Amino acid sequence: MSTVSTVVVPVRSPMRRLWYAVPVLVVLLVLPWVADQYQTILLAYGLVMAIAALGFNLLLGYTGLLSFGHSAYFGVGAYAVAMMVKFLGVVSMELHLLGAIVASVLVTAVFG
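Read in order, the letters of the sequence shown are residues 184 to 295 in the working numbering.
Structure (structure tokens):
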């Protein structure tokens, strides 16, 4: 005869996640008033790099494929914004975003 064994998996409560998230959010909200500008910018760059690392983990970890091709469209958008500022004198953030999107869509339409 065989016996059926059951594995009991503990369920994580959402309140436990909240206990971790609230102090982190409080620190991030208070930091600009406590730290100097250099430390705040350094933290922002670190968080941007962490988001990029999470993206690479998603690509390489789950799919097994690492492609930098999608980053070319970000480069096209950044180049378009730089040209808009240099030659057209555009200083509006909304127009920068619109110009980057339009340039990336046009390059995507041409090259796929």
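Glycine included, each C-beta is placed from N, C-alpha and C at the ideal position.
Here the structure is a predicted model, which means the values were calculated and not measured.
Asked, Found
"Curious, which full-length alpha helix (DSSP H) runs of at least 4 residues does the region 208-236 contain?", "none"
"Under a Cβ-count criterion, where at least 16 other Cβ atoms within 10 Å of its own Cβ denotes burial, should residue 286 be classed as buried or exposed?", "buried"
"Are the beta-carbon atoms belonging to residue 283 and residue 260 less than 8 Å from one another?", "yes"
"Which same chain residues end up closer than 7 Å to residue 250 when comparing Cβ atoms and leaving out the 5 residues on each side of it in sequence?", "242"
"On the CB-based measure, 16 or more other CB atoms within 10 Å of its CB, does residue 217 come out buried or exposed?", "exposed"
"Quick one: what does DSSP say residue 186 is sitting in, helix, strand or coil?", "coil"
"Starting from residue 246, follow the alpha helix (DSSP H) in both directions and report where the run begins and ends.", "Element bounds for residue 246: n/a, residue is neither H nor E."
"Rounding to the nearest angstrom, what Cα-Cα distance links residue 350 and residue 187 in this structure?", "Since the first residue of the chain shown is 184 and the last is 295, residue 350 is not available in this structure."
"For residue 195, which residues in the same chain have their Cβ closer than 8 Å to its Cβ, ignoring the five residues on either side in sequence?", "none"
"Can you name the start and end residues of the alpha helix (DSSP H) that residue 275 belongs to?", "No alpha helix (DSSP H) contains residue 275, which DSSP labels as neither H nor E."
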